[in-house]
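Worksheet: one structure, shown below.
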Amino acid sequence: MIAINTLMLLASTLITTPLAAMKARDGDPTAFTETCSGLRLMWPGEANTVLEGNCSQTGTGAKPCTYVFLDSCYAVDDRGQITPRMWGGGFINKCNDCELTDGSSCLSCNCTNKEGKWAIARTDLTQTVRNDDGYLWCLDVKGNTCPQ
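Mapped onto mature numbering (1 follows the signal peptide of the UniProt record, and there is no 0), the consecutive letters of the sequence shown carry residue numbers -21 to -1, 1 to 127.
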């Protein structure tokens, strides 16, 4: 009986650890919308799947421009829904006309499902995006400094 309980606890820990660890490490998961300004979606092409913004650095007050490729932390499932997935790939090829809504925390895109039908898909970026000392991060992917 102890072995079964131990296995169940281990399985539960493995399933919940990535998200729990991310939230514990990052603190308030909505902080990026409060500590970053000028949030916008950029290229490539019509997809607009690069999130860019000016985010506060701890203790300095500086707000450097950084960006992160959302294709590195999101995928589109068979139903055409946007889902968090490390190095998900294909997001950029399955969605277009992406925009930020609801105070820059909701990503809304026109995405295709496995049957090739297009529909609006939405996801809450506060579940995956964070500001870490002036850099946008998405899951474990660190953003880059904007070109001058």
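All C-beta atoms, glycine included, are put in the ideal place defined by N, C-alpha and C. Just so it is clear, the structure is predicted and the values come from calculations on it, not from any experiment.
Three-state secondary structure assigned by DSSP to residue i
i: Ser84; result: coil
i: Asn92; result: coil
i: Asn123; result: strand
i: Thr62; result: strand
i: Thr102; result: strand
i: Gly40; result: coil
i: Gly17; result: strand
The beta strand (DSSP E) enclosing residue i, as first and last residue numbers
i: Thr45; result: 44 to 48
i: Asn27; result: Counting along the chain, Asn27 falls outside any beta strand (DSSP E), and DSSP gives it neither H nor E.
i: Leu118; result: Looking at the DSSP string, Leu118 is not in any beta strand (DSSP E), and its letter there is neither H nor E.
Top-ranked residue by Cα proximity to residue i, from the options
i: Phe48; options: Leu104, Ala100, Lys42; result: Leu104
i: Ser16; options: Asn27, Gly38, Thr45, Ala26; result: Thr45
i: Ala41; options: Asp112, Leu79, Phe11; result: Asp112
i: Asn72; options: Ser84, Ser51, Asn33; result: Ser51
i: Gly69; options: Arg19, Cys90, Pro43, Glu78; result: Cys90
i: Arg64; options: Val120, Ala26, Trp22, Thr124; result: Val120
i: Thr39; options: Val29, Gly32, Ala26, Thr14; result: Thr14
i: Glu94; options: Leu118, Phe11, Ser84, Arg58; result: Arg58
i: Pro126; options: Asn110, Ala10, Asn33, Phe11; result: Asn33
Enclosing alpha helix (DSSP H) for residue i [first to last residue]
i: Ala10; result: 10 to 14
i: Asn110; result: Looking at the DSSP string, Asn110 is not in any alpha helix (DSSP H); the run it does join, the beta strand (DSSP E), is 108 to 111.
Residues bridged to residue i (per DSSP)
i: Trp22; result: The partner list for Trp22 (beta bridge, DSSP) is empty, contrary to what the question assumes.
i: Ala54; result: Thr62
i: Ile74; result: Checking the displayed sequence, the identity of residue 74 turns out to be Cys instead of Ile. Cys90.
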